[in-house]
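Asker: So in our numbering, spot 18 of the sequence shown is number 79, and the numbers just go up one at a time.
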Amino acid sequence: MKIRLRKDNKFDNNKKIKAIKNTKTVTIYFSPETLRVIKAESEKSPYTETGGILLGRKYEMANQIIFVVFHTSGPGPRAFKTPIALVPDIDYYNEMLINGRKSGGLDYMGEWHKHPAGFENTSLADLEQVNKIFAEEERDFMICPIVFEKLPAAKGRRTSPHLPVDKDMFTCGRFAIKVFYFLRGSKKMDAIIPKNIHKNSAFYKKLIKNY
Ligand SMILES: [Zn+2]
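(1) Do you know whose CA, among 162, 174, 97, 161, lies nearest residue 140's CA?
(2) Which word fits residue 154, buried or exposed, when buried means at least 16 other C-beta atoms lie within 10 angstroms of its C-beta?
(3) Do the CB positions of residue 243 and residue 202 come within less than 8 Å of each other?
(4) Rounded to whole angstroms, how far is the Cβ of residue 133 from the Cβ of residue 98, which I believe are closer than 8 Å?
(5) Run through the region 81-137 for me and flag every whole beta strand (DSSP E) of 3 or more residues, listed as ranges in chain order.
(6) Any heavy atom of ligand 1 closer than 7 Å to the CB of residue 111?
(7) Residue 85 to residue 157, Cα distance in whole Å?
(8) Could you name the residues of the same chain whose beta carbon sits closer than 8 Å to that of residue 111, not counting the 5 residues immediately before and after it, in chain order?
(9) Please name the residue or residues paired with residue 239 in a DSSP beta bridge.
(10) Judging by CA-CA distance, which residue of 113, 152, 89, 115 is the nearest neighbour of residue 125?
(11) Considering only C-alpha positions, which residue in the set 114, 180, 197 is nearest to residue 145?
(12) Out of 197, 196, 170, 122, which one is the CA nearest neighbour of residue 206?
(13) Out of 151, 234, 241, state which residue places its alpha-carbon closest to the alpha-carbon of residue 187.
(14) Quick one: what does DSSP say residue 168 is sitting in, helix, strand or coil?
(15) Hey, quick one: how far does the beta strand (DSSP E) through residue 141 stretch, first residue to last?
(16) Does ligand 1 have even one heavy atom less than 7 Å from the beta-carbon of residue 143?
(17) What is the rounded straight-line gap between the Cα of residue 96 and the Cα of residue 163?
(18) For residue 148, list the residues DSSP reports as bridge partners.
(19) According to DSSP, simplified to helix, strand and coil, what is residue 202?
(20) Closer than 6 Å by C-beta to residue 234: which residues in its own chain qualify, once you throw out the five before and the five after it? Chain order, please.
(21) What's the C-alpha gap between residue 149 and residue 113?
In structure tokens form, the structure reads like this:
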């Protein structure tokens with residue numbers, strides 16, 4: 062069994078997110094079910110990190126790439142969770158992936174995980190983890206949403222539930238989600254914040270009809 066240790070004790074919130082030059086617009090859609098599961102799983106683990114696998118489809122066109130995440134999960138029954146680290150149950154993730162491929166032609170889109178409140182960005186350990194996955198597995202991209210609890214209103218905090226959240230994140234109950242997207246072959250392992258993130262939309266509804 063492959064163990065993925067994701068230790069978030071090396072947070073670096075000051076790290077600048079550099080946009081990678083990409084001529085294609087990247088748009089990510091999340092199905093309502095995916096958001097429901099992320100919210101429910103996050104509520105189940107108020108004091109520890111948690112996470113899940115993202116299953117969906119990639120649609121590549123001339124000038125844009127669209128990712129649709131249809132399903133997600135919790136971290137699995139044998140996951141190891143601490144306040145600053147998550148070791149997902151990889152056997153469970155693999156099982157989810159096999160079932161997703163069989164039943165709906167869905168593929169691995171990445172993994173979400175929950176951070177302690179206030180840590181909205183990927184940690185250095187997260188970047189190491191993405192690097193490791195790219196080195197070991199044949200993946201071209203990874204979508205890595207970070208979920209965190211919104212803090213009560215405080216001066217200077219932009220994630221207060223009373224204030225509109227940035228356009229690069231969205232709210233999901235008492236949580237906020239910031240979506241990072243990693244591309245293989247980019248010179249640095251910096252995250253791209255997708256240009257468009259949609260919780261639900263006419264486009265999604267049209268897709269789900271044919272799904
Ligand atoms: Zn993390």
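The beta-carbon is built from N, C-alpha and C at its ideal position, and this holds for glycine as well.
Answerer: On the basis of the data shown:
(1) Among 162, 174, 97, 161, the Cα nearest to that of residue 140 is on 174.
(2) With at least 16 other beta carbons inside 10 angstroms of its own, residue 154 counts as buried.
(3) Judged by beta-carbon spacing, residue 202 lies within the 8 Å limit of residue 243, meaning their Cβ atoms are closer than that value.
(4) Contact check for residue 133 and residue 98: beta-carbon distance about 5 Å, within the 8 Å limit, so the pair qualifies.
(5) Here the runs fully enclosed are 86-91, 112-121, 125-133.
(6) At a cut-off of 7 Å, the beta-carbon of residue 111 does not count as near ligand 1: no heavy atom of the ligand is closer than that.
(7) It is roughly 30 Å from the alpha-carbon of residue 85 to the alpha-carbon of residue 157.
(8) Cβ neighbours of residue 111 beyond the five flanking positions: 102, 103, 105, 135, 136, 140, 142, 147, 174, 175.
(9) Looking at the DSSP assignment, residue 239 forms a beta bridge with 207, 230.
(10) Ranking the options by Cα distance to residue 125, first place goes to 89.
(11) If we check each option's Cα against that of residue 145, 180 comes out closest.
(12) The shortest Cα separation from residue 206 among 197, 196, 170, 122 belongs to 170.
(13) Nearest of 151, 234, 241 to residue 187, Cα basis: 241.
(14) Strand, per DSSP.
(15) Counting along the chain, the beta strand (DSSP E) containing residue 141 begins and ends at 141-143.
(16) No, ligand 1 has no heavy atom inside 7 Å of this Cβ.
(17) Approximately 22 Å, taken between the alpha carbons.
(18) Answer by DSSP bridge pairing, in chain order: 141.
(19) In the structure shown, residue 202 sits in a strand (DSSP, three-state: E or B).
(20) If you ignore the 5 residues before and after residue 234, its C-beta comes within less than 6 Å of the C-beta of 100, all in its own chain and listed in chain order.
(21) Computed Cα separation, rounded: 8 Å.
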